[in-house]
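Undergrad: Encoded as structure tokens, here's the structure I'll be asking about.
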Ligand code: FES
Ligand code: FES
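Structure below.
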């Protein structure tokens, strides 16, 4: 049995090969299907989750044995009611088109704002460049991240 801390809850998973990628545990064993599968080769960012609330990781290539005691956050755990500043900004800017890549984009953006609370365009482009969107929503993603960063800064100033 392997125990993982996911979205604030300890989850025990039985009969699991420790080399199983986290993505399959999330989707197939725990029913957390917000994290999507696309390339399966850590190349597109669609499966991005957070480790310890700040480090982005590609769940499709991350064996559960490598997680240890670190907390995993998926899109389902980013906020209680979809009210994280990034999620609000995503709605306000109508970012998604087909939507498939968007959970990964939001989780990658959350890691960016942890590392750089007020990213420049150059920071943002460099950080987000590993997350692909076949619908080309990049300009709206950029606008939404800037809006969320401003929101977070305003919250902190209160
Ligand atoms: S599905 Fe994991 S990076 Fe593409
Ligand atoms: S919104 Fe369709 S792939 Fe990004």
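Numbering (the numbering used here), first residue to last: 1019 to 1176.
Backbone N, C-alpha and C define an ideal beta-carbon position, used for all residues, glycine too.
Quick caveat, the model's predicted, so the values are computed rather than measured.
With respect to the alpha helix (DSSP H) encompassing residue 1174, which residues constitute its N-terminal and C-terminal limits?
TA: As a position in the chain shown, residue 1174 is number 156, starting the count at 1. Its alpha helix (DSSP H) spans residues 1156-1175.
Undergrad: Which full runs of the beta strand (DSSP E) of 3+ residues lie inside the stretch 1087-1150, going along the chain?
TA: Listed in chain order, the complete beta strand (DSSP E) runs (minimum 3 residues) inside the stretch 1087-1150 are 1089-1091.
Undergrad: Have a look at residue 1106 and residue 1166 and give me their C-alpha separation to the nearest angstrom.
TA: By 1-based counting over the chain shown, the position of residue 1106 is 88. By 1-based counting over the chain shown, the position of residue 1166 is 148. Computed Cα separation, rounded: 8 angstroms.
Undergrad: So, with DSSP's three-state summary, where would you put residue 1077?
TA: Reading the chain shown from its first residue, position 59 is the one you call residue 1077. Residue 1077: helix per DSSP, three-state reduction.
Undergrad: Could you work out which residue in 1145, 1030 and 1078 is closest to residue 1129 when comparing CA atoms only?
TA: Position 111 of the chain shown, counted from the start, is the residue given in the question as residue 1129. When only C-alpha atoms are compared, the closest one is 1145.
Undergrad: Please classify residue 1059 as buried or exposed, where buried requires at least 16 other C-beta atoms within 10 Å of its C-beta.
TA: For this step, residue 1059 is matched to residue 41 along the chain shown. Classification of residue 1059: exposed, given that the 10 Å Cβ count is below 16.
Undergrad: Tell me, which residues are paired with residue 1023 by DSSP?
TA: By one-based count along the chain shown, residue 1023 stands at place 5. Residue 1023 pairs with 1028 and 1089.
Undergrad: Identify whether residue 1041 lies in helix, strand or coil by the three-state DSSP scheme.
TA: The sequence position of residue 1041 within the chain shown is 23, counting from 1. Three-state DSSP puts residue 1041 in a helix.
Undergrad: I'd like the list of long-range same chain contacts for residue 1093, defined as Cβ closer than 7 angstroms, with 5 residues on each side in sequence excluded.
TA: Residue numbering aside, residue 1093 sits at position 75 when the chain shown is read from its first letter. Contacts found: 1052, 1053, 1121, 1124 and 1125.
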